[in-house]
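For reference, the structure discussed in these notes is given below.
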């Protein structure tokens with residue numbers, strides 16, 4: 014027969030992704046987020062720019078819409094800021110402004126150990142945010158850069174199911 018998708022595959026995928034999320038640090042007990050948090054700012058890399066090089070899932074290509082829909086499921090309506098895979102200084106500044114103006118900031122961090130611009134973004138957001146949750150995409154090595162009082166988790170990747178699981 015023709016190869017086809019496993020009927021229960023998406024349920025299994027979601028479960029594997031959920032169970033692989035690990036909270037690495039949370040001294041201030043920021044997680045899970047309280048629904049009453051007044052304003053939430055979310056910063057995510059623009060994965061759609063990688064689409065010419067690697068396969069990016071269709072739902073992730075519309076980063077703003079994808080995140081908005083996922084957060085809405087939990088009663089959150091964050092302000093979302095998309096930055097380049099390697100953000101320029103002006104983009105970092107805009108992200109810092111969002112963090113300053115948000116009660117809680119969520120940074121989806123993409124390999125600060127490999128990209129100096131992402132290390133700069135991470136450091137700048139840690140300095141600016143009132144309360145900060147960092148989700149390490151791909152690997153947990155950036156935990157070495159996380160300052161005291163910042164909540165940090167990893168989902169070991171940035172496929173749609175992994176980002177959803179972290180949210």
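In my numbering, the protein residues as written are 14 to 180. No residue lacks a Cβ here, since even glycine has one placed at the ideal position from N, Cα and C.
Would you mind sorting residue 54 into buried or exposed? The rule is 16 or more other CB atoms within 10 Å of its CB.
In the chain shown, counting from the first residue as 1, residue 54 sits at position 41. Burial call: buried.
Can you list the alpha helix (DSSP H) stretches of 4 or more residues lying completely in the segment 93-124, in chain order?
Entirely contained in the segment 93-124, the alpha helix (DSSP H) runs reaching 4 residues are, in chain order, 102-113.
Three-state secondary structure (DSSP) at residue 153?
For the purposes of this step, residue 153 is taken as residue 140 along the chain shown, with counting starting at 1. Residue 153: helix per DSSP, three-state reduction.
Specify the secondary structure class of residue 160 as computed by DSSP and reduced to three states.
The residue given as residue 160 occupies position 147 in the chain shown. Residue 160 falls in the coil class under three-state DSSP.
Name the DSSP bridge partner or partners of residue 148?
Indexing the chain shown from 1 puts residue 148 at position 135. Note: residue 148 sits in a beta bridge opposite 121, 166.
Cβ pair count under 8 Å reaching 3, the segment 25-33 against the segment 165-177
yes
When we look at the beta-carbon of residue 36 and count the other beta-carbons within 10 Å, is it buried (16 or more) or exposed?
As a first step, residue 36 is located in the chain shown; it is residue number 23 there, counting from the start. Counting Cβ neighbours within 10 Å, residue 36 comes out exposed, since fewer than 16 surround it.
Taking 9 Å as the cut-off, decide whether the C-beta atoms of residue 152 and residue 119 are in contact.
Start at 1 with the first residue of the chain shown, and residue 152 comes out as number 139. Start at 1 with the first residue of the chain shown, and residue 119 comes out as number 106. No, they are not a contact pair.
Buried or exposed: where does residue 139 fall if 16 or more other Cβ atoms within 10 Å of its Cβ makes it buried?
What you label residue 139 is simply residue 126 of the chain shown in a count that begins at 1. Buried, because 16 or more other Cβ atoms sit within 10 Å of the Cβ of residue 139.
If we ignore side chains and look at the alpha-carbon of each, how far apart do residue 63 and residue 88 end up?
Mapped onto the chain shown, residue 63 falls at position 50. Mapped onto the chain shown, residue 88 falls at position 75. In a straight line, the C-alpha of residue 63 is about 30 Å away from that of residue 88.
Sorted by chain position, which residues of the same chain lie with C-beta nearer than 6 Å to residue 100's C-beta, five sequence neighbours on each side aside?
Taking the chain shown and counting its residues from 1, one reaches residue 100 at position 87. These residues qualify, in order along the chain: 130, 134.
Ordered along the chain, which non-local residues of its own chain (more than five positions away) have a Cβ less than 7 Å from that of residue 98?
On the chain shown, residue 98 is found 85 positions in, with the first residue counted as 1. In chain order, 58, 59, 62, 63, 123 place their CB closer than 7 Å to the CB of residue 98, counting only its own chain and leaving out the 5 sequence neighbours on each side.
Could you tell me how far apart the beta carbons of residue 109 and residue 141 are, in whole angstroms, since I believe they sit closer than 8 Å?
Indexing the chain shown from 1 puts residue 109 at position 96. Indexing the chain shown from 1 puts residue 141 at position 128. That belief holds up - the Cβ atoms of residue 109 and residue 141 are roughly 5 Å apart, short of 8 Å.
Please identify the residue among 94, 171, 162, 168 whose C-alpha is closest to the C-alpha of residue 13.
Examination of residue 13 is not possible in this model, given that the chain is present from 14 through 180 alone.
In this structure, what does DSSP give as the bridge partners for residue 35?
The residue labelled residue 35 in the question sits at position 22 within the chain shown. Beta-bridge pairing links residue 35 to 167.
Compare the beta carbon distance of residue 24 and residue 83 with 9 Å and say whether it is the shorter of the two.
Against the chain shown, residue 24 aligns to sequence position 11. Against the chain shown, residue 83 aligns to sequence position 70. The Cβ-Cβ distance between residue 24 and residue 83 does not fall below 9 Å.
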